[in-house]
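The structure appears right after this line, and notes come after that.
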Amino acid sequence: MNILSLAWKNLTNRPLSMLLTLVLFALGVGLTSLLLLLNKQLTDKFEKNLAGVDIVVGAKGSPLQLILANMYHIDAPTGNISLQSAKPFLNPRHPLIKKSVPLSLGDSYKTYRIVGTLHDFLGLYNAEIAEGVLWNAPLETNIGATVAERTGLKIGTKFNSNHGLDENGGEHEEAAFKVVGILKPTGTVIDQLILTATQSIWAVHEHAQAELEGENAEHHAEIPPSVNPPNSTDLDDRTALLQADSTHQITSLLLQFKMRNVQTLNFQRNLNQNTDMQAATPALEINRLYEMMGVGEKALRALALLIIVVSGLSIFIALFNSLKERKYELALMRVMGAGRSRLFLLIVCEGILLSIMGFCIGIALSHGSMQVLAKYMSDAYRYSFSGWMWLTEEWYLLVGAVIIGFLAAVIPAWSAYRQDISRTLSK
Amino acid sequence: MLETRQLQFSYDSKSNLQFPDLTCAKGEQWLLLGQSGSGKTTLLHLLGGLLSPQKGNIKINDTDISILRGSALDHFRGQNIGIIFQTAHFVRALTVEENLLLAQQLAGNKQDKVLVHNFLQKLNLSHKLKSKPDELSVGEAQRVNVARALINNPSVILADEPTSALDDHNAEEVIQLLESQAKEANATLLIVTHDGRLKNYFKNQIQL
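From first to last, the protein sequence lines are chains A and B. If you read the first sequence in this note's numbering, its first letter stands for residue 1, the second for the next number, and so on. If you read the second sequence in this note's numbering, its first letter stands for residue 1, the second for the next number, and so on.
As structure tokens, this is what we get:
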């Protein structure tokens, strides 16, 4: 019968009052912790996927949309640009550009996007082949780790793409893609992508286009003659792209500058003013997005804080009320030899015990619901979320919870300390 | 033993209570009689160290408790004095057994389940071991109350109207229990009461 088990028994002797307090406290802590988890994982996601890209060049439209579509693959592309206008930036001898990677979007397989690009794309995300080889011919693909896991695609499997970025688009039946490599998991968006040569996208689309126009009614996977296959003449894929027919289109270019200076600023401004393309800075657009979401997050955080304060108040009221009923038994404990400080400690123990239990339930709630949310969010955000990550902030939350439990208990504990036992017992 | 000299206490400046000197030797049993308002309960609280006197001193086993303060007083009370109040109150969240174990612990003694069980058996309360205080009858509650006051073998037992809330049967049972247990432990027993039924049991009586 030590002080802790006595405190515990005193609490469980009034289960309803304890339940109310716990529910309130757990809600406050749970909401705060869930917000921390979400915020942390979303921020991580956006930052991990920045991939050192300085600007994204694409068709005119919303710059945020351009970033979301081409960097994070969660929005529709703004449109296409002609290879003709993109070629200067693809040239490895461009004075300002360290690295440029073209993207061609528009097709998908079971909602996983097929991206036509160069091998350099892998370097942006430090991705490596886990199994198989890099794509080397049209319609050969490398798939991300998550794609492999979720779709069951294996090396050698052939599949038809869907036109469009969701499952509702018509299927391209004529040209089957083939998996030749699977990438190691990177924790970035590349895990959720299917990569292939830019020429593959052209092949699929120009074939479809031709079919639509009735010029070619034959149903077989034939590469239209206008597409010159990568590496057909032992050129690397970049050179092959540079030599391709300029009438082709791509969706965007991801650019890394050699350094950021006035020239690159001018480059960006010039591109925005004098061409039918736009250049957007990922870091800038993502910060804009944070600012937009930040208001809502702040409001939720304030709400969570309010709930915690109210639950602290409810601990205070619960203890204070119980003290009225327990006046006599506390006096009795003094009669039996307990000093004032022991009564003080007992009440403080009850308060802190309540807050720690509330904290534990709240944390379990938030991680549990994060785990549930993670399933839905991984699909929506093209990024793996998890409920089983623990943040340093949660330790602060624990410290805060203990402090609130203590503060809520301190006044009732003090009144137990000050109690005049003779007066109480003679009533 | 229990000894008081020139004890005075006042709740406010108007009234001043003066008590006759008491000398109760070890093992003696005394009855303190008096009407309501005569200061019986005040005297008992003074003797039990729940109140401190303005004047005079109280000696229990050669310790002057009128100069003890704070937790030293609480500790001395837990070790040496068992107090029984008119109505039995317990820590409601605990069972009868746990209440007695708590009494042992608060007095600074070892928590001894065997002792508790034997004690309750002696008082015919073994079947109430795991009961909550709310589940006891008035008579049972008062017997457990006695058990709690005696569990630590105090040298002085103080009882404040221990029978006034009980019917004749229960009153007799409780008073016999008090008498026999005090005798067995060779403890000084002092009962404060205005209950006439008790006059026949004790030959040492003081009228306030």
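Don't be surprised by glycine CBs; every beta carbon is placed ideally from N, CA and C.
Asked, Found
"Output yes or no for whether 8 Å exceeds the beta carbon distance between B/LEU47 and B/ILE58.", "yes"
"Scan the region 70–140 of chain B and note each continuous beta strand (DSSP E) run of 3 residues or more that stays entirely inside, going in chain order.", "81–84"
"Which of helix, strand or coil does DSSP assign to A/THR141?", "strand"
"I believe A/ILE74 touches A/VAL147 by the beta-carbon criterion, under 8 Å. Please report the beta-carbon distance rounded to the nearest angstrom.", "With 8 Å as the limit, A/ILE74 and A/VAL147 do not qualify as a contact, their Cβ atoms being about 15 Å apart."
"Look at the alpha carbon of A/SER366 and the alpha carbon of A/HIS205, and state the distance between them as a whole number of angstroms.", "46 Å"
"Between B/ILE151 and B/GLN86, how many whole angstroms is the CB-CB distance? I'm expecting something under 8 Å.", "That pair is no contact at about 20 Å."
"Tell me whether the beta-carbon of A/PRO63 lies closer than 8 Å to the beta-carbon of A/ALA413.", "no"
"Over the uninterrupted alpha helix (DSSP H) stretch that includes A/MET292, give me the two end residues.", "282–335"
"Could you check where the beta strand (DSSP E) with A/ARG113 kicks off and where it finishes?", "112–117"
"Interface residues of chain A around B/LEU190 at Cβ under 7 Å?", "Simply none; closest approach about 15 Å."
"Residues of chain A with CB closer than 8 Å to the CB of B/ASP21, please, in chain order.", "By Cβ distance, chain A contributes nothing, its closest Cβ being about 22 Å from B/ASP21, past 8 Å."
"Please list, in chain order, the residues of the region 66–99 of chain B that have any C-beta partner in chain A closer than 8 Å.", "GLY70, SER71, ASP74, HIS75, ARG77, GLY78, GLN79, ILE83, PHE85, HIS89, PHE90, VAL91, ARG92, ALA93, LEU94, GLU98"
"In three-state DSSP terms, what is B/GLN54?", "coil"
"Assign A/TYR403 to one of two classes, buried (16 or more other C-beta atoms within 10 Å of its C-beta) or exposed (fewer than that).", "According to the sequence provided, residue 403 of chain A is Ile. The question's Tyr does not apply to it. Its Cβ having fewer than 16 others within 10 Å, A/ILE403 is exposed."
"Rounded to whole angstroms, what is the Cα-Cα separation between B/ASN16 and A/LEU319?", "38 Å"
"The region 331–353 of chain A: which residues have C-beta closer than 9 Å to a C-beta of chain B, in chain order?", "ALA331, LEU332, MET333, ARG334, VAL335, MET336, GLY337, ALA338, GLY339, ARG340, SER341, ARG342"
"Under the rule that 16 or more other beta-carbon atoms within 10 Å means buried, what is B/PHE202, buried or exposed?", "buried"
"Going along chain B, which residues have a C-beta under 7 Å from A/LEU1?", "In the sequence on display, residue 1 of chain A carries Met and not Leu. Chain B residues near A/MET1: GLU98, LEU101, LEU102, GLN105, GLN111."
"With A/ALA391 and A/LEU38 assumed to form a contact (beta carbons below 8 Å), what rounded beta-carbon distance in angstroms separates them?", "Per the sequence shown, the amino acid found at residue 391 of chain A is Leu instead of Ala. Not a contact, Cβ separation roughly 11 Å."
"Taking 8 Å as the CB-CB cut-off, is A/LEU319 touching chain B?", "no"
"Taking Cβ-Cβ distances shorter than 8 Å, what residues in chain B pair up with A/ILE421?", "LEU50"
"How about A/ILE250 and A/THR196: do their beta carbons lie closer than 8 Å?", "no"
"Comparing the C-beta of B/SER15 with each C-beta of chain A, is any distance below 8 Å?", "no"
"With C-beta atoms as the reference, is A/PRO24 less than 8 Å away from A/SER314?", "In the sequence as presented, Pro is not what sits at residue 24 of chain A; that position holds Leu. Yes. Within cutoff."
"Can you pull the chain B residues whose beta carbon is under 7 Å from the beta carbon of A/LYS9, in chain order?", "ALA93, LEU94"
"Using only alpha-carbon positions, find the residue among A/GLY106, A/ILE3, A/THR247 that is nearest to A/ASN70.", "A/GLY106"
"Let me check understanding here. Comparing Cα to Cα, which of A/SER85, A/ASN266, A/GLU350 lies closest to A/SER322?", "A/GLU350"
"Verify whether the separation of the beta carbon atoms of B/THR188 and B/LEU2 is less than 8 Å.", "yes"
"Tell me whether A/PHE359 sits in a helix, a strand or coil according to DSSP, three-state version.", "helix"
"Against B/THR41, what residues of chain A qualify as contacts under a CB-to-CB distance less than 8 Å, listed in chain order?", "SER426"
"Okay, do the region 301–308 of chain A and the region 25–32 of chain A touch, 3+ Cβ pairs below 8 Å being the bar?", "yes"
"Could you tell me whether the region 172–192 of chain A touches the region 125–141 of chain A, using the rule of 3 or more Cβ pairs below 8 Å?", "yes"
"What is the rounded straight-line gap between the Cα of A/VAL53 and the Cα of A/LEU165?", "23 Å"
"So what's A/GLY102 in DSSP terms, helix, strand or just coil?", "As written in the sequence, residue 102 of chain A is Pro, which differs from the Gly given in the question. A/PRO102: strand per DSSP, three-state reduction."
"Which of the three DSSP states, helix, strand or coil, is assigned to A/LYS87?", "helix"
"Could you pull the start and end residues of the alpha helix (DSSP H) that A/HIS163 belongs to?", "Premise fails: A/HIS163 lies in the beta strand (DSSP E), 158–163, not in any alpha helix (DSSP H)."
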